[in-house]
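In mature numbering (1 follows the signal peptide of the UniProt record, and there is no 0), the protein residues as written are -25 to -1, 1 to 499. Positions of the beta carbon are idealized from the N, C-alpha and C atoms, including for glycine.
Below you can see the structure in the form of C-alpha cells.
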C-alpha cells in the first residue's frame, strides 16, 4: 500500500535533512533556528547559510559599504529574507526563544555596517527585509504605506506615478532603504520646508520583542515617538511606515554652479543659508576636482519650490554675491529634482530611481552641526586638509525654516533651532586600496580639527551617519552611563527618554548592537 506524503510533511523532511547536514560544521544554534522556523512554515528559499552558494551574493546585495564584506569582517551564521510580516514574527520568536543574536537590515547603508555585521558578539544572524518592499499611495488621503525594504527611489517613483504635486521630505540617495532612513530622522531637499522624514510619519507597524505586530494605537505614543528618530535596531523590527505626503508645486527650480573655493563667498553663504526663503534649500559640495593640481572646488546647489523668475528675485535679495543670472536656473518637477540632488542629469529617465546598485567604492564619514560661521582662516586650513586626501567630499546642508519651528523634543532627533547647517564629511576609496588606514586617519584628523567650530556641550552627531569612534556598547555589560557618551551626541536630552522607552518595551535587551539604546536595568 502506497503512503501519500503531504507537501507540508515533505518540506519538514527536507528542512530536517538540511539542518542535520549542518550540525557537523555549524553550531547547534543554527540547526535549532532552522527547525524552529520550519514550524512556522518558513520557505527554504528564504534561508541562507554559509554553505549555500547564494549566501555571499545575498549578504553583499544590500551591503552599501563594501569594506564590511571583506574576508576579515565577521559574517552571520544565517541570513533570513522573510516574505511576509508573519515571517518576521517567526524570526523574532525563534531567535528570542533560542537566545540567538539578530541584526536587522533594510537598505544596508549603515556607515558602520551594524545592520549586518557584529563586532561585539557572535554568533549572529541577519534578518534581511529586502523582500518587504510594497508601496501603497493614497493621494486622496495625502498618505502612503511603505514597507521598510523599499528604497527612497522606489518611494519617490511611486508617488510621482500618482501625482505631480505631492512629494515626501526624505534623503537624496535613491538606494537608501526607507526602514533605517526614517528611524534615524532622514533629511533631504525639502528639509527647510517640511522638516525630516520622521517628522512626517503618521503611523507604523512594528514587531515587538514578543513577536506581536503593533500599530501606533497598540504600541502607544512613547514607542511611536522613539522609533521616529531614535535609531534602528533598539526597539523592535519596523515593518512599514505610514507617511504624510506633502504639497509640492508643479514647477521646481534648481541650480548648480561650481567655483574654485572662495573663502569670502563661503563665509557669506554661512551667514545667509539658514535665513533664506524656506521654499529654498541650498547646499555646498566641497571636493578636489583636479587630481594632479589638487584644486579644491565648491559647488553651490539650490532647490526651490517655485518658478525661476521668483527664485531670481529671492537670490538677488538675499545672496547676490553668488552672481547667478536667469540662465543659471532650470525649471523642472519635484521628481526630477530628486535625481538632480543625487548629481544625476535632469534628462535622466525616472527608471534610474528603481535601480538597486551597490557601490564599488568604500567610504568612511562623520557628521557635525554648525551654529556659528566658521572663520575664513579655518576655511583656508580646511582647503589645505582636503587637498591632502585622495577622494574627499564635504556636504554643507542649510538648516533653518521648518527645522527652527519643530521643538527638539518633538522626536528623538534634537538638532534643530539654532543650527545653521550640517556638515557631512567623508572620504572614499576603491576596492582593494592598500591605504585604508591612511584614509581613516585623515577623516579622524579632520574631525578633530573641526572641534572648535562646531556644536558644543554636546558636540552633536547624526545617528544615520553612525560613528563608532564615539563609543560602543559592550557584550553582556550594556551600561547607560557608558552609552550616554555617544547617546547625548546623537539625541541630547532625548537620550534619557529613549532609555526609559527601551526599558519598558525590551528590558532584556534582545534588540541590540554596538550603539543600540540600552535598558536602564539589564535583567539577568
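By alpha-carbon distance to residue 176, the top candidate from 190, 420, 167 is 190.
Take the alpha-carbon of residue 232 and the one of residue 475: they are about 47 Å apart.
By the Cβ neighbour-count rule, residue 201 is buried, with 16 or more other Cβ atoms within 10 Å of its own. Taking 8 Å as the cut-off, the beta carbon of residue 365 is found closer than this to the beta carbon of residue 404. Per the coordinates, the alpha-carbon of residue 304 lies some 13 Å from the alpha-carbon of residue 257.
In the DSSP assignment, residue 473 falls within the unbroken alpha helix (DSSP H) covering 469 to 480. Counting other Cβ atoms within 10 Å of its Cβ, residue 321 stays below 16 and is therefore classed as exposed. Pairwise C-beta distances place the stretch 289 to 297 out of contact with the stretch 407 to 424, as fewer than three of them are shorter than 8 Å. For the pair of segments examined, the stretch 309 to 319 was found not to touch the stretch 12 to 20: the number of CB pairs separated by less than 8 Å stays below three. Across the structure, residue 314 and residue 147 are spaced so that their CA atoms are roughly 8 Å apart.
Closest by C-alpha distance to residue 225, out of 117, 279, 126, 247, is 279. A straight line joining the alpha-carbon of residue 173 with that of residue 143 spans about 11 Å.
Counted as a single uninterrupted DSSP element, the stretch harbouring residue 39 is not any alpha helix (DSSP H), since DSSP gives it neither H nor E.
8 Å or more divides the Cβ of residue 429 from the Cβ of residue 370. Residue 156 is a Cβ neighbour of residue 82, given a cutoff of 8 Å. By alpha-carbon distance to residue 178, the top candidate from 122, 126, 138 is 122. When the Cα atoms are used, residue 427 and residue 350 turn out to be separated by approximately 11 Å. According to the DSSP assignment, residue 270 belongs to the beta strand (DSSP E) that extends over 270 to 279. When the beta-carbon positions are compared, residue 264 and residue 338 stay at least 8 Å from each other. A residue is called buried when at least 16 other Cβ atoms come within 10 angstroms of its Cβ; residue 347 does not meet this threshold and is exposed. Taken in chain order, the complete beta strand (DSSP E) segments of 3 residues or longer contained in the stretch 277 to 352 are 305 to 307, 336 to 345. Secondary structure at residue 62: helix, using DSSP grouped into helix, strand and coil.
For residue 197, there is no enclosing beta strand (DSSP E); the enclosing alpha helix (DSSP H) covers residues 196 to 202. When the five nearest sequence neighbours on each side are left out, the beta carbons in the same chain lying within less than 7 Å of the beta carbon of residue 381 are those of 170, 174, 391, in order along the chain. The three-state reading of DSSP puts residue 462 in helix, counting H, G and I together. Between residue 276 and residue 260, the C-beta gap is smaller than 8 Å, which places the two residues in contact. Bridge partners of residue 231 according to DSSP: 276. About 6 Å separates the beta carbons of residue 486 and residue 210, which is inside the 8 Å limit, making them a contact pair. Bounds of any beta strand (DSSP E) do not take in residue 172, whose DSSP letter is neither H nor E.
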